[in-house]
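Have a look at the structure below before the remarks.
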Amino acid sequence: MADDYLVRIGKLIRDARQHRGWTQTQLAEALGTSQSAVNRIERGNQNISLEMIARIGEALDSEIVSLGYAGPMHLRVVGGRRLSGSIDVKTSKNACVALLCGSLLNKGRTVLRRVARIEEVYRLLEVLNSIGVRTRWINDGTDLEIVPPARLDLDAMDADAARRTRSIIMFLGPLLHRMDHFRLPYAGGCDLGTRTIEPHMIALRRFGLDITATEGIYHAQVVRTAPDRPIVLTERGDTVTENALLAAARNDGVTVIRNASSNYMVQDLCFFLEALGVRVDGIGTSTLTVHGMADIDVDVDYSPSEDPVEAMSLLAAAVVTESELTIRRVPVEFLEIELAVLEEMGLDHDRTAEYAADNGRTRLIDLTVRPSKLEAPIDKIHPMPFPGLNIDNVPFFAAIAAVAQGKTLIHDWVYDNRAIYLTDLNRLGGRLQLLDPHRVLVEGPTRWRAAEMMCPPALRPAVVVLLAMMAAEGTSVLRNVYVINRGYEDLAERLNSVGAQIEIFRDI
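According to the numbering used here, the residues represented by the sequence shown are 18 to 525, in order.
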């Protein structure tokens, strides 16, 4: 084997190891070899057999070398098992991606603690690395260090990675302060119907950003100016609020943002901006006043809070499998409406006293859920801006309503297609009637049955289907689960740790 190939394979192995967050010693232990041998392999200084490449790929859950192409990941679920024990909620996906975009504001070193290791984060890291930002996992792969270059090379941007995440839209706010003109690929993400970026444009034009869109590219021109009156967002959306905050943070003056989202990821971004030295008044309300800074150059260390939607996912897992499960580190202030609705439905649960998250601001509890006889709620389930029921928690009520006695109307008025995807539960024995693209009627209780099916192309409905498979007696298969990996870290393995039986596999 030519030395050049050994070097290239060594680099692939090193990248896969770092992607998993392992040290050379950890990989060596998994392979039954020495750290020095792994070091030689990664530097291309040791011959390596196909058998060893296969063993390394299996240890790192990464196809180092594939025949043709790497096939999609699937899940095989043996259902009908009760969960037990306790499980921790991971940090917020949506906060982490906002903070990665926010790191572009800072000329100094940013360290983010316990970052969610999910595909959405990996795609953004690929984009950041491609434009010159240096990132590395530290502290045994738990935390993430981000160091920007003096000048970003946007022409070198990894467009394929950018198109696979909707979060790329949040580059607009930071970049308008660094570049007079730049290009970004169209934003991607879940298939949730038409999602216009016009609210972003309306807000960012006030800072001098002008966008034209041609052939899959946003072309940005910037003539910087400061807003001369409050910015009123035409949509109380999370990402549009974050984009406005990111733009306001480097505006050397005071920016007032009205009709702002006060959701969990927005609050985490505000706390991060305060750590950078930017004062933000009105956190948790719909009016934010940002005292910006023309230049931000600090070394900052920040811990994003836990993910309320993941907490809701785990709660729903316990409910549909009729299990007793303790969910630790639940950000209760962003689940209070959901818990109030579930109490009215008859949920049997206990809560600990509140304690502070690592950011020192978010309120957490530990929540124990027990098997309950649920009744359908009297009122329909529908989302509202915080402090209402979270839009991303609505799909989990489809699975919960399916095990409750009676009929539940779910009205997902925000997204065009998501209610349609919930009817995939019918393949597993559910009785869901689609009334229109936004409303679905769920009748319970349900006798779940196993099935093999494709994963819905939207994150939360995909997890809802997985939870129903966990409740169904027999073996189910959920194919092509990339969308779940976009938003959840090691979900199958973590559910297995509390009693589920989920196998990850790929087609040969």
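For each residue, glycine too, the CB sits at the ideal point set by N, CA and C.
**Asked** Do you know how far the Cα of E137 is from the Cα of T338?
**Response** Taking the straight line from one Cα to the other gives about 28 angstroms.
**Item:** Rounded straight-line distance, which links the Cα of M282 to that of V106
**Value:** 15 angstroms
**Request:** Determine which residues share a DSSP beta bridge with Q149 and list them.
**Result:** Note that residue 149 corresponds to Gly in the displayed sequence, not to Gln. G149 is not bridged to any residue.
**Prompt:** Do G504 and I104 have their C-beta atoms closer together than 9 angstroms?
**Reply:** no
**Asked** Taking 8 angstroms as the cut-off, is the CB of I104 close to at least one heavy atom of the ligand NAD?
**Response** As presented, the structure is devoid of all ligands, the ligand NAD included, so that no description of it is given.
**Message:** Would D429 and H399 be called neighbours here (beta carbons separated by less than 9 angstroms)?
**Reply:** yes
**Request:** Select from A421, A468 and P474 the residue whose C-alpha is nearest the C-alpha of Y438.
**Result:** P474
**Asked** Would a check of beta-carbon distances place D197 closer than 9 angstroms to chain D?
**Response** The chain inventory of the structure shown lacks chain D, comprising one protein chain alone.
**Asked** What number of angstroms, rounded off, separates the C-alpha of L476 from the C-alpha of I501?
**Response** Cα-Cα distance, rounded: 6 angstroms.
**Prompt:** When the Cα atoms are used, what is the spatial distance from T211 to Y235?
**Reply:** Reliability fails at T211, whose pLDDT of 41 lies under 50, so the model's placement of it is uncertain and no value is given.
**Asked** For P402 versus S303, is the C-beta distance shorter than 9 angstroms?
**Response** yes
**Message:** Can you tell me whether V132 is buried or exposed? The criterion is at least 16 other CB atoms within 10 Å of its CB, across all chains shown.
**Reply:** buried
**Message:** I need the straight-line Cα distance from D269 to A243, nearest angstrom please.
**Reply:** The C-alpha of A243 is placed about 8 angstroms away from the C-alpha of D269.
**Request:** Please work out which residues of its chain come closer than 7 angstroms, Cβ to Cβ, to R511, disregarding the five sequence neighbours upstream and downstream, and give them in chain order.
**Result:** I104
**Message:** So, for N64: in the same chain, excluding its five sequence neighbours on each side, which residues have a beta-carbon less than 6 angstroms away from its beta-carbon?
**Reply:** Cβ within range, chain order: n/a, list empty.
**Message:** Among the candidates M187, M310, A173 and T256, whose CA atom is the shortest distance from the CA of G294?
**Reply:** M310
**Asked** With distances taken from CA atoms, which of H366, V386 and E353 is nearest L406?
**Response** E353
**Message:** Just to confirm the assignment, what range does the alpha helix (DSSP H) spanning D177 have?
**Reply:** A176 to R180
**Message:** Measuring only the C-alpha atoms, how far is E469 from R93?
**Reply:** 9 angstroms
**Request:** Taking only the alpha-carbon atoms, compute the straight-line gap between T42 and R126 and give it to the nearest angstrom.
**Result:** 27 angstroms
**Request:** Classify T245 as helix, strand or coil using the three-state DSSP reduction.
**Result:** Looking at the sequence shown, residue 245 is not Thr but Asp. Coil.
**Request:** Count the other C-beta atoms from every protein chain shown that fall within 10 angstroms of the C-beta of Y372, then say buried if there are 16 or more, exposed otherwise.
**Result:** exposed
**Request:** Report all residues from its chain with a CB closer than 7 angstroms to the CB of V420; omit the five preceding and five following residues, and keep chain order.
**Result:** V336, V337, L391, G461, P462 and T463
**Message:** Using C-beta distances below 6 angstroms, list every residue in its chain close to A115, excluding the 5 sequence neighbours before and after it, in chain order.
**Reply:** Correct list, in chain order: E259, M282 and L286.
**Asked** Is the beta carbon of L445 less than 9 angstroms from the beta carbon of R466?
**Response** Judged by beta-carbon spacing, R466 lies within the 9 angstroms limit of L445, meaning their Cβ atoms are closer than that value.
**Asked** Taking the alpha carbon of R168 as the point to measure from, which residue in S109, I300, V150 and A436 has its own alpha carbon closest?
**Response** V150
**Spatially closest choice to G299 from I313, I274 and A292, by CA coordinates** = Ranking I313, I274 and A292 by Cα distance to G299 puts I274 first.
**Message:** Rounding to the nearest angstrom, what Cα-Cα distance links A418 and P478 in this structure?
**Reply:** 14 angstroms
**Message:** Can you tell me whether V315 is buried or exposed? The criterion is at least 16 other CB atoms within 10 Å of its CB, across all chains shown.
**Reply:** exposed
**Request:** Might you give, ordered along the chain, the residues of its own chain that have their beta carbon closer than 8 angstroms to the beta carbon of Y319, omitting 5 neighbours on each side?
**Result:** L116, T127, V128, L129, R130, F288, F289, A292 and N376
**Message:** Given a cut-off of 9 angstroms on the beta-carbon distance, is the pair G190 and A266 in contact?
**Reply:** yes
**Item:** Closest Cα partner of I163 within the set L141, D175 and R180
**Value:** L141
**Message:** Looking at L77: is its Cβ nearer than 9 angstroms to the Cβ of R25?
**Reply:** no
**Prompt:** CB M187 to CB F522, shorter than 9 angstroms?
**Reply:** no
**Message:** Run through the DSSP bridge pairs and tell me what S103 is partnered with.
**Reply:** T343
**Asked** Rounded to a whole number of angstroms, what is the C-alpha to C-alpha distance between I395 and R31?
**Response** 55 angstroms
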